[in-house]
Amino acid sequence: MKFSFSTLFVKDIEESVQFYQEIVGIPIKSRLSPAPNLNIVFMGDDEAQIELIQDSNKKIINIGSDISWGFTVNSVEEVYEFVKKQNVTILSDIIQPKPSVKYFFIEDPNGMKIQFVETNT
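Laid out in C-alpha cells, this is it:
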C-alpha cells in the first residue's frame, strides 16, 4: 500500500493554493470544477499529494487541532526566517528534540497546522 493524498476543505481555494505554492513550495498538479459550487486542486508530485476542496455550499470548515501535515526542508532556520517575513501565523519556535531533528509549526489560512522538519542522519 502507498499513501496517495490527503484532503483539506478550504475557505478560499485561491488563498490556499497561493499559501501552499509560495510558503510550502508545492506545485499544482491539476485543477477541476466538477460542479458550479465546487473547486478542487491537487498539489504535489507523484509520491504524495494534497487535495484542496472549496465547496461554496459548505459553510463551516472544521480542522481538528490534533492533526498536522509535515514537510521536510533542507534548513529549518532558513524556512523559519522566511515565514517570519510573510503574513503567516507561527505556532512554535524551533524545537530540537534530538541532535538530528529540528522542526517548527505554522498555520495555514484554514487553521491547519503545518510542520517544517529538518533531519540530519
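So the sequence shown is numbered by this note's numbering: it starts at 7 and just counts up by one. Backbone N, C-alpha and C define an ideal beta-carbon position, used for all residues, glycine too. Note that this is a predicted model, so its numbers are computed, not measured.
Tell me whether residue i is buried or exposed, calling it buried when 16 or more other Cβ atoms sit within 10 Å of its Cβ.
i           : result
residue 20  : exposed
residue 114 : buried
residue 108 : buried
residue 119 : buried
Pick helix, strand or coil for residue i, following the three-state DSSP scheme.
i           : result
residue 122 : strand
residue 22  : helix
residue 53  : coil
So, does the CB of residue i fall closer than 7 angstroms to a CB anywhere in chain C?
i          : result
residue 53 : In the structure shown, chain C does not exist; there is a single protein chain.
Per the DSSP calculation, residue i is bridged to which residue(s)?
i           : result
residue 130 : Examination of residue 130 is not possible in this model, given that the chain is present from 7 through 127 alone.
residue 12  : 56
residue 108 : 124
Are the segment 58-70 and the segment 35-50 in contact at 8 angstroms, needing three or more beta carbon pairs?
-> yes
Which full runs of the alpha helix (DSSP H) of 4+ residues lie inside the segment 64-90, going along the chain?
-> 82-90
Mind the definition here: the segment 64-73 touches the segment 24-33 only if three or more C-beta pairs lie below 8 angstroms; say whether that holds.
-> no
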